[in-house]
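I have placed the structure first, in the form of structure tokens, so that the comments after it can refer back to it.
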Amino acid sequence: MQRHELEKLSREELIAHAERLNVPRPRVLTQPELVDEIIARTAASDRERARSRGWLGKARDLLARVIEQGLHLPDAARAIRMSPSAAKAWPAPPPPLPTVTLAEIYAAQGHLERAVSVLDEVLAREPDHKEARELRERFVDQTQRTRARPARATEGGRAEASTETATPKAQQEEAKPTREEAPQEISEAEPVREELAAAAEAATESEETGPETERDAAAEAKSEEGMGESEVREEIDETIVDGEAVAALAERLRAEEAAEEEAPAEEAPAEEAAAEAAAEAAAEEEPVEETPAEEELPDGYDVDEVVAIAVDPETIYVYWEVRAVTLARALARRPSGRLALRIAAVTPSWDGPITRTWDLHIDALFGDRFVRDIPQGANVRVSVGWLDGASFEPFAIGTEVAAPRLAPSEAEAHDVGHWVPELRSPVSPVPLGRAPTAYRTPDGWAPEPQSPPGPPTAAGGGPEAAPASPMALHG
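Quick note, our numbering runs 21 ahead of the 1-based positions in the sequence shown.
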């Protein structure tokens, strides 16, 4: 089909056509991409495919050509072109071989279900594998326990939520039946307590009158009824014993009543203590602001960089980083080269600057090291680049580093001299009879004072010639 025919089809028709041609993930592609993929798989020749791919196809071809020729990555370029040969060049990887070790690795990573499935495959191939069977049972139990924990936590959370949401009004309504039942229990217990109190009073009176008097009165009453003396004595002793038991029971009841009266007074401090404990627990549970953890530095910064720092008079510390793209380009241009650090040290001296340059071979794209045997007081500059024989291509150049002196300099400079490449001939002064006496002021030249008479000359005997005027001297 031609491009104009494919462009008339709907998206679903293009997707169906692409699925028949085994285009990977056709629903993710746009309609122009679907058209390009269909044409790429149905074209009869490369020329026809290149002519009918459209603008997106041409852009993909240009990008693939740059990657193939510039970075020397033909496999990546083939994948970008999305040709059928590229699909054959990248077969799907085989599934991992099921082993007990693989199951243990999955379990250590927390994937217990995948570990169990791997052990099932192992047992399907080797049913007599005892260790795999025991390990599978252990993983299954661990999986069940892991699933049960969230369920318990959910139930516990719901119960706590329902308890916390209960209002004080509901608690009062729940407490009302107990308060209504309490008077019934007290009313039922009142006759028993009255009988016990009467018995206790009788026992107290018997203690005051004494056992002998009680026995005599009881014996007289029983003798009147016609009972024998021995029978009367036994019945009297039993009655006294019962009275003592009743008195003990009465004392216990009095203690219980006193405890019930003191209970409300004790409940108030207990409630206050519980409220204080709850307030302390809430204060402890308040979120504490934690200091944010410092972010870890990355391994690299995706730049071409080299940094040098002076450590002592003879040592500097160097850190370098080279991008993979930069290294690939250098390797494509000079395959026989290698990655290296170049150190240049310039030391001043009375005979002129002393320059020393040497290279250090490195293997890693980023790293650091100490460079030793640096001349004292030298100005050092470090660069990282590609060394191929005598040719060095720098990727990055560091800033200048001055190595400190081991001891203070003994020589001191007091004058400043300027050096020029060419020296001119010295200027000879003009002979004058005498120095000019005129001088210049801000308003102009001052008038020349009258010169004193000079001695006569040897030739003419006349006065010496007058000096030239200032305008003549400076004119």
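Virtual Cβ for every residue (Gly too), placed ideally from N, Cα, C.
{"query": "Collapsed DSSP secondary structure at Thr336 in the structure displayed", "result": "strand"}
{"query": "Nearest-angstrom Cβ-Cβ length linking Val327 and Ser404, presumed shorter than 8 Å", "result": "6 Å"}
{"query": "Where Ala153 sits in the DSSP three-state scheme", "result": "helix"}
{"query": "Limits of the unbroken alpha helix (DSSP H) element including Glu147", "result": "Segment: none, Glu147 is in no alpha helix (DSSP H) and carries neither H nor E."}
{"query": "Exposure of Gly406, with buried meaning 16 or more beta-carbon neighbours within 10 Å", "result": "buried"}
{"query": "Length of the line joining the Cα atoms of Ser357 and Ala349", "result": "13 Å"}
{"query": "Which listed residue (Leu386, Ser370, Phe416, Ser412) has its alpha carbon closest to that of Gln397", "result": "Ser370"}
{"query": "Pair within 8 Å by beta-carbon distance, Ala124 and Leu156", "result": "yes"}
{"query": "Same chain, Cβ closer than 6 Å to Leu381, five either side skipped, listed in chain order", "result": "Leu362"}
{"query": "Beta carbon of Arg339 nearer than 8 Å to that of Phe387", "result": "The sequence shown places Val at residue 339, not Arg. Not a contact, by the Cβ cut-off of 8 Å."}
{"query": "Through-space distance from Glu147 to Gln165, alpha-carbon basis", "result": "25 Å"}
{"query": "Nonlocal neighbours in the same chain, by C-beta distance under 8 Å from Ala203, ignoring five residues either side", "result": "Below a pLDDT of 50, predicted positions are generally treated as unreliable, and Ala203, at 45, falls in that range; the measurement from the model is reported next regardless. The answer is none, since no qualifying residue turns up."}
{"query": "Segments assigned beta strand (DSSP E), at least 3 residues, entirely inside the region 381-407", "result": "387-393"}
{"query": "Rounded C-alpha distance that separates Val87 from Ala385", "result": "26 Å"}
{"query": "Best match in Ala280, Arg354, Ile418, Asp372 for proximity to Ile364 [C-alpha to C-alpha]", "result": "Ile418"}
{"query": "Test item: CB-CB of Asp325 and Thr347 under 8 Å", "result": "yes"}
{"query": "Per-residue DSSP class, three states only, for Glu277", "result": "helix"}
{"query": "Cα-Cα separation, Val143 to Glu58", "result": "42 Å"}
{"query": "Rounded C-alpha distance that separates Glu33 from Val49", "result": "12 Å"}
{"query": "CB contact flag (Ile395, Ala424, <8 Å)", "result": "yes"}
{"query": "Within 8 Å, strictly: CB atoms of Leu35 and Val56", "result": "yes"}
{"query": "Among Arg24, Pro95, Ala37, the one whose alpha carbon lies nearest that of Ala64", "result": "Arg24"}
{"query": "Residues near Thr368 by beta carbon distance below 6 Å, same chain, minus five either side", "result": "Ile375, Pro396, Ala399"}
{"query": "Exposed unless 16 or more other CB atoms sit within 10 angstroms - verdict on His38", "result": "buried"}
{"query": "Boundaries of the beta strand (DSSP E) in which Arg359 is found, first to last residue", "result": "359-368"}
{"query": "Beta-carbon proximity of Ala353 to His150, cut-off 8 Å", "result": "no"}
{"query": "Closest by C-alpha distance to Gly91, when choosing among Ala351, Leu118, Arg390", "result": "Ala351"}
{"query": "Reference Ile60; option with closest CA among Arg41, Arg46, Leu27, Glu40", "result": "Leu27"}
{"query": "Spatial neighbours of Gly438 in its chain, beta-carbon cut-off 8 Å, leaving aside the 5 residues before and after", "result": "none"}
{"query": "Where the alpha helix (DSSP H) containing Ala345 begins and where it ends", "result": "345-354"}
{"query": "Local conformation of Val437 per DSSP, three classes", "result": "coil"}
{"query": "Neighbourhood of Val161 by C-beta, 7 Å cutoff - its chain only, sequence neighbours within 5 removed", "result": "Val137"}
{"query": "Beta-bridge pairing of Phe413 - partner residues as DSSP gives them", "result": "Leu408"}
{"query": "Inter-residue spacing [alpha-carbon to alpha-carbon] between Ile337 and Phe391", "result": "6 Å"}
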